[in-house]
Amino acid sequence: MYSQTILIKNPSGLHARPATRLVILTKKYKSTIEIVHDNVVVDPKSILSLLSGELRPGTRVEVRAEGEDEELAVKEICEYIDALEE
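Here this note's numbering is used: the first residue of the sequence shown is 354, the next is one more, and so on.
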């Protein structure tokens, strides 16, 4: 398992448009991926899970993955979240 912690800086949090793009990004990986905050586990391959996960601005999340491409998956997801703008 590989994991990394990141802060959601986007002033709107992870709303519909970036969540949809995140689903597309994560579906290319074979690893099992989770985004965790405050004991809430979110499946980033599911738009419903992402939108109901309360991923708001200022939330510190742990992105973790397990599988053959786990390190690449976590790094690219964290880069995507970090680069989000309004």
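Beta carbons are placed, not taken as given, at the ideal position from N, Cα and C, and that holds for glycine.
Buried or exposed by the 16-neighbour rule on C-beta atoms within 10 Å, applied to residue i
i      : result
Pro397 : buried
Ile388 : buried
Glu423 : buried
Leu401 : exposed
Residue i (DSSP reduced to helix, strand or coil)
i      : result
Ile386 : strand
Glu423 : helix
Thr438 : The displayed chain sequence assigns Glu, not Thr, to residue 438. Glu438 falls in the coil class under three-state DSSP.
Beta bridge counterpart(s) of residue i as assigned by DSSP
i      : result
Leu360 : Arg413
Val395 : Ile388
Ala418 : Tyr355, Ile386
Which listed residue (the options) has its alpha carbon closest to that of residue i
i      : options                        : result
Val427 : Lys381, Gly411, Ser399, Asn392 : Lys381
Asp391 : Pro371, Thr373, Glu415         : Glu415
Ser356 : Glu429, Ile377, Ala436, Glu438 : Glu429
Residue i vs residue j beta-carbon contact at 9 Å
i      : j      : result
Leu425 : His368 : no
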